[in-house]
Amino acid sequence: MQQYEGGIYHISDWADIVNAHTVPGPGIITGLKSVGLAKGRGLLLLAQMSSIGSLAHGEYTRSTIAMAQQESEFVIGFIAREYVASGFLHFTPGVQLHEGSDSMGQQYITPEQAIKAGSDVIIVGRGMYQADNVTAAAAAYKVAGWSAYQAQL
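Each residue of the sequence shown is one higher than the last, beginning at 484 in our numbering.
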């Protein structure tokens, strides 16, 4: 909890939402909650990943969901490739404008695929920060994400 509450960045003072994986067990949630809940902060749990060979699936995902349900006053959602549990937000990583993969095993899906799979928020990384025109790329993702959302209504 030193990095969250103290350290040089005092993350809990300014970050409304942080994320964590549950490999250490439920104690990670308890510790973060002991600092963040009183400050009105929230936690996303890593339930699934977008890379080939990821171990974040199956029993890991089921256990993560169970931990979230036990701590739902602090856990607000999941980082996941698909909808995993009701009552929580779903943030989907590995989103690009075109489906594909890269040399590091990252599997990309489109904003449309993410929204259809139950995502509330798309997480875009390389598709924006590696773009020649970051502003134009951000605008393109905004339009693609919003269009995908509207198509689901």
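Backbone N, C-alpha and C define an ideal beta-carbon position, used for all residues, glycine too.
Which value, in whole angstroms, describes the spacing of the CA atoms of P576 and G570? 19 Å
A631: CB within 6 Å of a non-hydrogen atom of the ligand MG: Ligands displayed in this structure: none; no statement on the ligand MG is therefore possible.
According to the neighbour-count rule (16 or more other Cβ atoms, all chains shown, within 10 Å of its Cβ), is P594 buried or exposed? buried
Residue closest to I651, alpha-carbon to alpha-carbon, out of L527, G508 and I605: Residue 651 lies beyond the residue range present for the chain, which begins at 484 and ends at 636; the question has no answer from this structure.
Could you work out which residue in A620, S537, A627 and Y487 is closest to G588 when comparing CA atoms only? S537
Own chain residues within Cβ distance below 8 Å of M484, not counting five before or after: G514, L515, S517 and V518
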